[in-house]
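The opening residue of the sequence shown carries number 1212 in the working numbering; numbering runs sequentially from there. Each residue gets a CB set at the ideal place from its N, CA and C atoms; glycine is no exception. Bear in mind the structure is a predicted one, so any value in this text is a computation, not a measurement. See structure below.
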Amino acid sequence: MFGRTETKKDSFLEQTKAAREERERERAQEEQRDRSIVLMQKTVRGWLARTKFQRMILNDFDTLLPPVTNPSKDIELKSALQIYQAASHFLLQWKDRDSSDCSANQDRLERLCRYLIASLESDSPKTSYIGVALNKDHSLAWIRHIKKLLYRCCTAVERLRPESHTDSISLALYLHTLVAFTSTSSWVLLRNKSLVGLKAGMLQLCSNIMGELVQKGFYLTLRNVLVKGTCRTVITLKPISLTAIMTLAIRPLIGSNFSDNLMSQFLVQILSVPGITFQLEQFTQECLHSLATHHILEKSLDLLSVDSSMKYVINTLQNSNLLSLLANLVHLYYLEPPENAAKLAYPTFTFVVTQLLNGILTSVGHSGGAFSQWHELLGWFTPGKERLQNENLPLIKKQIHLLWNHRLVKLLLGDNLKQLSIGYETIEYTIPSGNSTGNLLKRALTFERSGGGGGLGTALGGDGGGKKSNRSACRKIGSAEVSRVALTCAMYHGALNALSQLRLDILSGLCYNDTVLHDLWLLLGSLGTSCGLKGFIELLAVNNQQSCYEPPLLMLSLFCDCMTHYVTILDDLEMYEQQTPFTLNDYIALSHFLNTFLTRTIQDQIFDIKTVTSAPLFVSMHTLLLCLYRRDCRRSFAPVNHWLVRDIRPSHFLTDLEKGKKHTQILLQKMPHIIPHEDRVQLFRKFVQNEKAVLGLTESACASPSSALVTVHRDRIVEDGYRQLAALPPHALKGVIRVRFVNQQGLDEAGIDQDGVFKEFLEETIKRVFDPSLNLFKTTTEQRLYPSPTSHMQENHLQLFEFVGRMLGKAVYEGIVVDVPFASFFLSQVLGQTHQALYSCMDELPSLDKELYRSLTFIKHYQGDVADLDLTFSVDEDVMGKIVTHELYQGGRARGVNNDNKINYIHYMAYFRMHTQIRDQTVAFIRGFRSIVNPDWLALFSTPEVSQ
């Protein structure tokens, strides 16, 4: 009974509680609705009130400054205080998010700016806008107002497009406003005698205004306008606007007394705009004069000479923007008067440019990648935030070329070298008379210098019979005068590395600038015995552990790069006949220096053995050495045994090679000419014997199953030999080949062996394939052989070339001497020398066609206008009575040869005659030859040595 009663009671209480909670929820919801309605009403009323107030402000503004119907009409000035109040309210209500009426607000802002500029011409405090600042009740608020107004002008400027006529007018107006209110020069009010005392305070006010604008990104705003208006094919920024921007850019610097912080911003944001100096020179000389008046270049160089400032600039800009800054600085330096430029040259300008070039090199990649771009000047690089479309590459290229312009090279390098060469105007090298031997200890080259108190004594030491002279004082590598030149050379060396796509332009600018290259050679000669050999080696020994070379070593590297470029394009007339400014004795001494330097540094492991072949200094010196060596091989200028190194005994060298010593292997690979030819032949034979042993191809294997038997008829030697041997793999051809001759009666001749009969087979085969009737090979005027350009008339001519290559390879492999007088240019291709750096087709053209070489040399030295010769980049050939025109490159038939491109024409023509015409035949021959003879073994010999 009680249980049921309690249950009913609990149920009733729960229902009552639920009902009460439901009523509370409904009441809360009603209160929430009421609050929402009140809030909505409040918001709407507030919006309506603000809108009404905004409309009232705009109406008052429009009433006070109505839209202009006639812009040329003079502006009627009103109460400055009244204008100030209307303008303050206008700026107060203008929110950036209110984009609906943005255009109308921009129009009002322009009206306001136009009026304020006009008011500055008033000398009355009541109408001049500056007069409001003189009112104590409004001065502080007016200052805040002006800052806000000018910042609003900056934001408006960034939205404009200079290429639009309407926008360009608005841009000029905003810039005029910024110029007018950041300087007191246009404030007529301050010209009143009673207000002159306020001028200093007003100047400080302008400085404060500029400071706040700069903090809000003023320089970035100016940069964006400059980039949009100048970095294009046709400049769209009006000269008046360009002048205003540069005026505004300089004012913060003046106000801060050229503080490091603002100078850094100026460099990063303004002077890094691509081609800006060029644009100033073209369109506003006034700005250039202003930059010169305030010594902007000198102050920029001083700032960048500080390590922390340089790091900031490099890390901020990087890549192409850093290149733009460098180009503008170079251009400004070029525009400096000569006396000022000379003062800034060393060490400031050269040091800063070197650091910037190193910064560019550090930030530029060396190969393409997923995020890389190709740059016309830098090669592959990873771009920063600013993409390449904002660059004006043609202008940058013009500016950066000024660095190796004739005047700057003379100013930075030539004048210094000319002074240092006084007393060392010529260097003569006398080869002692008497029998020359292979031991260089018994031969000396004597240095004689005219003037300056006599010679420097024997270059190599000893008194091997040459003319002696008293030794005069030598310069030290670390002396002040040498360091000055070395630092300048380090700058140009940095340009070669950083501006990879302009390398040839830089080298040409240095090589053909008066006598700069020869004067640099004279300086090297003045550094002591054998061009300061000992000093350079000692410096390298100390410096090789560091991340970069010291300036004297960079000077040496630059000289080698320039000299390689110079020698590569010398023709025989210039080098052997004219000998100006370099004589043959200069080349002898230079090659001896290079040979000795590289040999000693490798032997003594001064270069890191693991990376020596990629070390920049080694590459530069080794490339020049090979350039001179190849020239001597083609047409000798050095004495007998000149290329041998006196410190190397062949027997010891070969022993070290067998022991696997790394330095000996590098010397053999890179400089095989330093040991006698006979020893290299023995080494070659040893390589062959070792390979035969590894392959199991010994002399005793004549009867082994791996030997090949060839049966040939006397009257079908080539056909039978080709048919039976062409299909054999290289391994089989390297083994024993037994030959059985069949006479004309069809009977086997006596004797089947490898030596005598096989040699006879080779000789007969070679004699037949070189028969003119077969048309596989032609002869030069000197009766030297090369592949016939018309060999395609012979069936299977490429297979025959490969077969001939195999047979000659077999003869070399077996040490069988065959008399095959190949043209040297063809042998160079077989040896792979044509793929090496700076190989010149023109160099070897005489070995093919001396008449063509003379004709091209005539064109090279032609004093008149080459265009008068009516040549094009094409060549006509008579093929079976039909004239066929070959273009030297695509579209060459339509391009005429002139003085600017004649060097290109010469090399294109030489390449066509020696490579293009016989490319397929040469490739087939080389393929066959190298299938038997390892190409690395061939590298032991020069072209003349192979043909011996």
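Asked, Found
"One or two residues paired with Ile2094 in a DSSP bridge", "Asp2089"
"Of the residues Arg2138, Asp1819 and Glu2088, the one placed nearest Arg2124, counting alpha carbons only", "Glu2088"
"Validate contact between the segment 1897-1911 and the segment 1969-1985 using beta carbons, cut 8 Å, 3 pairs", "no"
"Beta-carbon contacts of Leu1567 that lie in its chain and below 6 Å, excluding the five residues immediately before and after", "Leu1537"
"Status (buried if at least 16 other CB within 10 Å, exposed otherwise) for Thr1875", "buried"
"Selection from Ser1350, Ala1291, Arg1355 and Gly1257 that minimises the alpha carbon distance to Leu1303", "Arg1355"
"Where Phe2140 falls, given that 16 or more other Cβ within 10 Å makes a residue buried", "buried"
"Helix, strand or coil at Ile1948 [DSSP, three-state]", "strand"
"Validate contact between the segment 2001-2015 and the segment 1817-1830 using beta carbons, cut 8 Å, 3 pairs", "no"
"CB of Ala2135 within 9 Å of CB of Gly2043, strictly", "no"
"Through-space distance from Leu1865 to Lys1881, alpha-carbon basis", "15 Å"
"Cβ contact check for the segment 1825-1833 and the segment 1785-1802: 3 or more pairs under 8 Å", "no"
"Reduced DSSP category for Phe1898 - H, G, I as helix; E, B as strand; rest coil", "helix"
"The segment 1761-1778 in contact with the segment 1700-1708 per 3-pair CB rule at 8 Å", "yes"
"DSSP beta-bridge partners of Val1206", "For residue 1206 there is no data in the structure shown, the boundaries of the chain being 1212 and 2159."
"Counterpart residues of Pro1998 in DSSP-defined beta bridges", "Phe1988"
"For Thr1810 and Leu1878, believed in contact at Cβ under 8 Å, the rounded distance", "7 Å"
"Closest by C-alpha distance to Gly2026, when choosing among Gly2075, Val2157 and Asp1725", "Val2157"
"Bridge-paired residues (DSSP) for Gly2020", "Answer is none; Gly2020 lacks a bridge partner."
"With 16 other Cβ atoms within 10 Å as the buried cut-off, status of Asp1931", "buried"
"Extent of the continuous beta strand (DSSP E) run through Gln1584", "Gln1584 to His1586"
"Rounded separation between Asn1472 and Lys1410 - CA only", "27 Å"
"Min CB distance Tyr2100 to chain C below 9 Å", "Note that chain C does not occur in the displayed structure, where there is just one protein chain."
"Span of the alpha helix (DSSP H) around Gln2128", "Gln2128 -> no alpha helix (DSSP H), and no H or E assigned at all."
"Three-state secondary structure assigned by DSSP to Gly2139", "helix"
"Exposed unless 16 or more other CB atoms sit within 10 angstroms - verdict on Leu1705", "One detail in the question is off: residue 1705 reads as Gly in this sequence, not Leu. By the 10 Å Cβ count, Gly1705 comes out buried."
"Test item: CB-CB of Ser1511 and Leu1482 under 9 Å", "yes"
"Beta-carbon gap between Arg1995 and Ala2034 smaller than 9 Å", "yes"
"Residue closest to Pro1983, alpha-carbon to alpha-carbon, out of Val1968, Pro2000, Phe1969 and Phe1972", "Pro2000"
"Phe1392, DSSP secondary structure in three states", "coil"
"Assigned secondary structure, Ala1849 (DSSP; H/G/I helix, E/B strand, else coil)", "coil"
"Delimiting residues of the alpha helix (DSSP H) encompassing Leu1743", "Strictly speaking, residue 1743 in this sequence is Gly, with Leu absent from that position. Element bounds for Gly1743: Thr1740 to Asn1754."
"Backbone secondary structure at Gly1422 - three-state DSSP", "helix"
"Short Cβ contact (9 Å threshold) for Lys1337 with Leu1401", "no"
"Ala1919 - partner residues in DSSP beta bridges", "Ile1948"
"Rounded C-alpha distance that separates Glu1547 from Glu1509", "10 Å"
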